[in-house]
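Beneath this line is the structure, given in structure tokens, with notes to follow.
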Amino acid sequence: MSLAVVILAAGEGTRMKSKYHKAMQEVAGRPILEHILRAIEPLKPERTVLIVGYGEEQIRKYFKDDETVSLITQDFDKGYGTGAAFMQAAQELADFDGDILALYGDGPLLKTETLQKLSQAQASHDGMCLVTSVVKDPTGMGRIIKNTDGTIAGIVEEKDANEQQRKINEVNPSIFLFSKDIFKIGQGLDNKNASGEYYLTDMVELYIKAGKTVKAVVAEEEEVLSANDRKELFTLEKILRDRIRDKWLKAGVTMTNPEQTYIDDTVVIERDVVLEPGVIIIGNTIIKEDARIGAYSHLKDCIVKNGAQVKAFTIASNKSFS
Numbered sequence: 021m022s023l024a025v026v027i028l029a030a031g032e033g034t035r036m037k038s039k040y041h042k043a044m045q046e047v048a049g050r051p052i053l054e055h056i057l058r059a060i061e062p063l064k065p066e067r068t069v070l071i072v073g074y075g076e077e078q079i080r081k082y083f084k085d086d087e088t089v090s091l092i093t094q095d096f097d098k099g100y101g102t103g104a105a106f107m108q109a110a111q112e113l114a115d116f117d118g119d120i121l122a123l124y125g126d127g128p129l130l131k132t133e134t135l136q137k138l139s140q141a142q143a144s145h146d147g148m149c150l151v152t153s154v155v156k157d158p159t160g161m162g163r164i165i166k167n168t169d170g171t172i173a174g175i176v177e178e179k180d181a182n183e184q185q186r187k188i189n190e191v192n193p194s195i196f197l198f199s200k201d202i203f204k205i206g207q208g209l210d211n212k213n214a215s216g217e218y219y220l221t222d223m224v225e226l227y228i229k230a231g232k233t234v235k236a237v238v239a240e241e242e243e244v245l246s247a248n249d250r251k252e253l254f255t256l257e258k259i260l261r262d263r264i265r266d267k268w269l270k271a272g273v274t275m276t277n278p279e280q281t282y283i284d285d286t287v288v289i290e291r292d293v294v295l296e297p298g299v300i301i302i303g304n305t306i307i308k309e310d311a312r313i314g315a316y317s318h319l320k321d322c323i324v325k326n327g328a329q330v331k332a333f334t335i336a337s338n339k340s341f342s
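Under the working numbering, the first residue of the sequence shown is numbered 21, with each subsequent residue one higher.
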């Protein structure tokens, strides 16, 4: 089945206390939004739509040369909330005949493997699927209510949950895969709630009312983490850098002290490279086989050729070592 993607990135993100858009905050050398798109890329989406608003000029500038991405400015005259934002992709995707993945633009840790499982689950029926996660502390999050067969019976927001429901620790991180009739079903969204907003999560109830099945794919807790402030951004950075180190260690790179090695996600390293303690490698640096990077060196956008020895405490940018 063909796939289109709608990413919601119109929020202001005031808690980040930054002039930069939340989705454009860098984590391990890439903007959050780019991490999300790279996770989605192996699914080969035919269309990608970004719903933007606050700080949209930053996002438009970043994607100005990318013809695979369409940007829509959220029209608040058509309503507030994630549901209203999503429905504004209807015109852009009016001629699209396939499933539609919807998610927020603030979670860079989602894995391709989880999205592939979501796609496989969706292929078995004509309803919708969503990602859920079992978390240690579900405070403030919507709880997942399941039927005896494991399908979704509903999502209960914490303020509406009873004492028993609040004990549930399987939650909704708002990653949805909808059938192609989503925009028809979504016409039933309303804003009859305390905030007067249209909520994307209400699509679950609309699908169930339409007699369609809602399935779940469970992701690891770290995958569904997002950043609303600098402390949460630091948490995402730490997890992603651990993943990057693990990837290169498994690929045959030696790190004499991994905890003191800092590698951007944009870096390429070949096997049998040795990285001594305190090394920082960022940008589009490429390190070829059998090279050795001395302790506390800092390389940005460099090329280190086969067998090259970079002395300790080297600081270099846009340089070639042989």
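Beta carbons are placed, not taken as given, at the ideal position from N, Cα and C, and that holds for glycine. Quick caveat: nothing in here was measured; it's all calculated off a predicted structure.
Segment contact: the segment 116-128 against the segment 50-67, three or more CB-CB distances shorter than 8 Å; contact assigned. A Cβ-Cβ distance of about 6 Å is found for the pair isoleucine 264 and aspartate 285, placing them in contact under the 8 Å criterion. For methionine 148, the enclosing beta strand (DSSP E) has its first and last residue at 148-154. For histidine 55, the enclosing alpha helix (DSSP H) has its first and last residue at 52-60. The three-state reading of DSSP puts phenylalanine 196 in strand, counting E and B together. In the structure shown, tyrosine 82 adopts helical secondary structure according to DSSP, grouped into three states.
The beta carbon of isoleucine 188 is closer than 6 Å to those of Arg163 in its chain, skipping five residues each way along the sequence. Taking a cut-off of 8 Å on C-beta distances, the segment 266-274 does not touch the segment 229-246, as fewer than three cross pairs fall below it.
The residues Tyr316, in chain order, have a CB closer than 6 Å to that of phenylalanine 333 in the same chain once the five nearest residues on each side in sequence are set aside. Listed as beta-bridge partners of alanine 29 by DSSP are Val72.
For arginine 67, the number of other beta carbons within 10 angstroms of its own is at least 16, and it is reported as buried. For tyrosine 218 against alanine 104, the beta-carbon gap comes to about 4 Å, under 8 Å, which counts as contact.
The segment 220-295 contains, as complete alpha helix (DSSP H) runs of 4+ residues, the segments 223-229, 250-270 (chain order). Unbroken alpha helix (DSSP H) stretches of 4 residues or longer found wholly inside the segment 115-176: 132-142, given in chain order. Phenylalanine 254 counts as exposed, since fewer than 16 other beta carbons sit within 10 angstroms of its beta carbon. In the structure shown, lysine 204 adopts helical secondary structure according to DSSP, grouped into three states. In the three-state scheme derived from DSSP, where H, G and I count as helix and E and B as strand, threonine 102 is classed as helix.
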